Amino acid sequence: MLISNIFFILAIVVLPGLLSSKLFQNKPQSLSLVYSFIITLSFAWILFVILFSINLQLGSELLHFLIYLLGGLALIISFRLKPTIGQVSKTLLVLLLFFVVFISNTKAFVDWDALVSWNRWAIELYSNKYYPMNTGYPILFPAIWSLIYKMQGNFVINIFAKAFLFYPSIIILLFAINIYKEISKSFSIVFIILIISYMVSPKSFSGYMDYPVAYVGLVSIMCIYCAENYKKINSQYFFAYLYAAIVISGIAMIVKQPGIFFYLFTIGYTIFNIKRFSKKQFIIAILLTLVSLLYELSFLVIFYNHANDFTGNLDYLVELTNISLENIPQRLLKFVSGNSGIIAITNTIVIVLLPISFIFSVKKSFKNAYKLEAVFLYCYILGLIIWLYAFSYDIRNSIWVQMFGILSLSMYVQSFRSNQKILLSDSKLNINSLKNPYIKVFTAIVLCGAIYPLVNSDDFIYSLQEKSQSVVGGGAATGKPLENILSKSDSCVVIYTNDQPVRYNFFLADYMDRISQGGWLQDQIPQIVEGARNNGCKYGAYILLNLPIMSQEKTDVIVNKFIKKHELESRNDILQGLYYIPIK
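Residue numbers (the working numbering): 1 to 584.
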């Protein structure tokens, strides 16, 4: 299992990085980085779309063949390269940071939406199924997770899928470090200080897509930032970054719906600079714009083959905000507070210093009101208004808005230190190459030594998953008794429960299709029992009531009525709240 995931990373992440570094040799390293980002996410999406469209078994065999082939190619190429000490050290430093964050937090999906939506879709896609519930949530990351599950041969272990959520954050930090060398030290320092509070937050890697869409979108507007800085001094780099921004913003749209905002911003910036385009550059921009739309179009084709209402729950989500008892000042306070103390500090700095920076800048020259940092500020304000009046029912819906604020403030700091010079290429800075072959051999031995104990240690990975997922659905205390029942009963036997996390219990992964979960209440118990008695299974069914329902007095009256009629049999000796439903 570990080996298959290592080769997946080699093929999907490392190989694109190696290819783009070759393609952009003697160019800014950040260019190589963002194009490797494009190749990685694009290749993963295209691979998913192809495999999802063909026979399940054939698709799995093709995936394994491609991944091991490309992963092996990445290994061969990497040992022929001569990386610099600087390249290696900054990459290892960023990886070490996120490794510490990863091991310090839950390593499996345990948050509600991650379980019942995003990872559930990944599990469905793994089996070449898809039930979007008439809600057009994009599925880029569930699609990538499904590829990881196919490589593993199971979806029980989601540690590696969750770890992939770190990828956009790694790209952003490496991007910012490269900007430090290539464009502006002050921008890079301020940006990293502000963004790091989000990236070390446990919610950032919980499985909610609000953070990934914000991060992928952030990469696109960081490309626009770079394009703006190179606009008057190097048109080649200007267009290279702009083209990257167009494609990445298109990718953001298939992460989650707010990606559309990044896409519209990028297209708007492109149109605003249309006078700089030659005929060839204009054609390329048009083609890339169409290509970027293909991501969303391909998702829509998949969606409408399985559902028919793209905005199914939009009215409901807006209504959640409308019925909120919070007034605008309270919502603003929630916007600033975020979901942790360190994020609250960052948000406070941004919302206080941004207006001050804008006023100070415009006071120097009114033309500064039209500069890119000001435009980012306007987007920040617009996004805040949209969040306040439509989506303030949850703070995580505002993460994408904060990205515009962080970038804007970082740019203002750079503008106040405008004496810094831009390096047209940082290739000359790449000194101290690791040319010594003995160093490579030593590195290979160390890596093999570190990996070898885990190669055949699937038991270790399973135990880690079980421990991480122990908080979901009652853990072993609930999962093992139900697993024992389902494993010894006919496949038609179903457990009906309103304790919804039970369906995602670690021990019940093989029986998800036999657990019918829903948010039904006490007065719906008779309806559930009657439906179960008529489900056609001659071996009966089970009903598991959650603790809040069991603690209500009326529940005993309802349950005892069914027991007296011999339509329910208590199994509380096995598990509290469990009842057997015999057939008619």
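We treat Cβ as the ideally placed atom computed from N, Cα and C, and that holds for glycine.
It should be emphasised that the depicted structure is a prediction, and the values quoted were computed from it without experimental measurement.
Return the residue from the list the options that minimises the CA-CA distance to residue i.
i, options, result
"Ile50", "Tyr304, Asn128, Gln517", "Asn128"
"Leu41", "Tyr393, Ser204, Ile251", "Ile251"
"Ile461", "Arg417, Asp499, Val494, Phe506", "Phe506"
"Gly473", "Gln500, Lys488, Asp458", "Gln500"
"Ile221", "Glu373, Glu569, Ser489, Glu553", "Glu373"
"Asn229", "Ser470, Gly531, Leu70, Pro28", "Pro28"
"Met209", "Ser398, Val471, Ile386, Gly577", "Ser398"
"Asn484", "Ser470, Lys467, Ala509", "Ala509"
"Met1", "Gly531, Phe155, Phe282, Lys275", "Phe155"
"Leu384", "Gln414, Pro329, Ile356", "Pro329"
"Ile224", "Ser32, Ala245, Pro582", "Ala245"
"Lys586", "Ile395, Asp458, Ile349", "Only positions 1 to 584 of the chain appear in this structure, which leaves residue 586 out of reach."
"Phe166", "Lys554, Lys203, Gly153", "Lys203"
"Phe164", "Phe175, Tyr149, Gly153", "Tyr149"
"Ile6", "Ala74, Phe52, Phe299", "Ala74"
"Glu182", "Asn26, Asp113, Ser570, Ser357", "Asn26"
"Ser604", "Gly71, Glu319, Gly475", "Not covered by the structure: residue 604. The range shown for the chain is 1 to 584."
"Ile381", "Lys371, Ile359, Pro355", "Pro355"
"Ser32", "Trp118, Tyr237, Leu125, Trp112", "Tyr237"
Anyone know if the C-beta pair for residue i and residue j falls short of 9 Å?
i, j, result
"Leu544", "Leu482", "yes"
"Pro101", "Met199", "Note that residue 101 is Val in the sequence shown here, rather than Pro. Cβ atoms of Val101 and Met199: closer than 9 Å."
"Ile103", "Gln465", "no"
"Ala227", "Tyr215", "no"
"Ser169", "Phe261", "no"
"Val529", "Arg514", "no"
"Ile302", "Tyr130", "yes"
"Leu297", "Tyr243", "no"
"Tyr496", "Gly540", "no"
"Asn347", "Ser337", "yes"
"Met512", "Ile67", "no"
"Asn308", "Asn134", "yes"
"Ile144", "Ile12", "yes"
"Ile179", "Ser30", "yes"
"Ile525", "Ile563", "no"
"Val213", "Lys256", "yes"
"Trp45", "Gly217", "no"
"Gln522", "Ile558", "yes"
"Met151", "Ser292", "no"
"Val350", "Leu194", "yes"
"Ser146", "Leu81", "no"
"Gln576", "Leu547", "yes"
"Ser415", "Lys363", "no"
Should residue i be listed as close to the ligand FAD, given that the test is whether its C-beta is under 8 Å from any heavy atom?
i, result
"Leu384", "Ligands in the displayed structure: none, and consequently the ligand FAD is not present."
Provide the residue span of the alpha helix (DSSP H) that contains residue i, from first to last.
i, result
"Ile302", "279–304"
"Gln414", "399–416"
"Gln57", "56–78"
"Ile342", "341–364"
"Gln29", "29–52"
"Ala161", "159–163"
"Ile195", "185–199"
"Ile9", "2–9"
"Gln517", "No alpha helix (DSSP H) contains Gln517, which is instead part of the beta strand (DSSP E) from 515–517."
"Gln236", "235–252"
"Leu115", "Where Leu115 is concerned, there is no enclosing alpha helix (DSSP H), given that its DSSP letter is neither H nor E."
"Cys223", "210–230"
"Val557", "553–564"
"Ala532", "525–533"
Hey, residue i and residue j are a contact pair by Cβ (cut 8 Å); roughly how many whole angstroms apart?
i, j, result
"Ser206", "Ile343", "The pair is not a contact, with the Cβ atoms about 14 Å apart (cut-off 8 Å)."
"Leu294", "Arg331", "So it is not a contact: roughly 37 Å between Cβ atoms."
"Ile248", "Val219", "5 Å"
"Gly519", "Asn498", "6 Å"
"Thr321", "Ala369", "At roughly 31 Å, the Cβ-Cβ gap does not stay under 8 Å, so Thr321 and Ala369 are not in contact."
"Leu365", "Tyr412", "Rather than Leu, the amino acid found at residue 365 in this sequence is Ser. With a Cβ gap of about 14 Å, Ser365 and Tyr412 do not count as contacting."
"Ser468", "Lys107", "4 Å"
"Arg503", "Ile583", "At roughly 23 Å, the Cβ-Cβ gap does not stay under 8 Å, so Arg503 and Ile583 are not in contact."
"Lys91", "Leu10", "Checking the sequence shown, residue 91 turns out to be Thr, not Lys. Not a contact, Cβ separation roughly 15 Å."
Name the two residues that bound the continuous beta strand (DSSP E) containing residue i.
i, result
"Ile139", "Careful: Ile139 lies outside any beta strand (DSSP E) and carries neither H nor E."
"Ser487", "Unbroken run through Ser487 is the alpha helix (DSSP H), 475–487; no beta strand (DSSP E)."
"Ile495", "495–497"
"Ser324", "Per DSSP, Ser324 belongs to no beta strand (DSSP E) and is neither H nor E."
"Ala541", "541–544"
"Leu578", "578–581"
Using 8 Å as the Cβ pair cut-off and three pairs as the minimum, do the region 399–410 and the region 370–377 touch?
yes
Check whether the region 35–54 touches the region 14–23, counting contact only when three or more Cβ pairs, one atom from each stretch, lie closer than 8 Å.
yes
Under 8 Å, with one C-beta from each stretch per pair, do the region 269–282 and the region 39–59 reach the 3-pair mark?
no
Per the contact definition of three or more C-beta pairs closer than 8 Å, is the region 139–157 in contact with the region 180–188?
no
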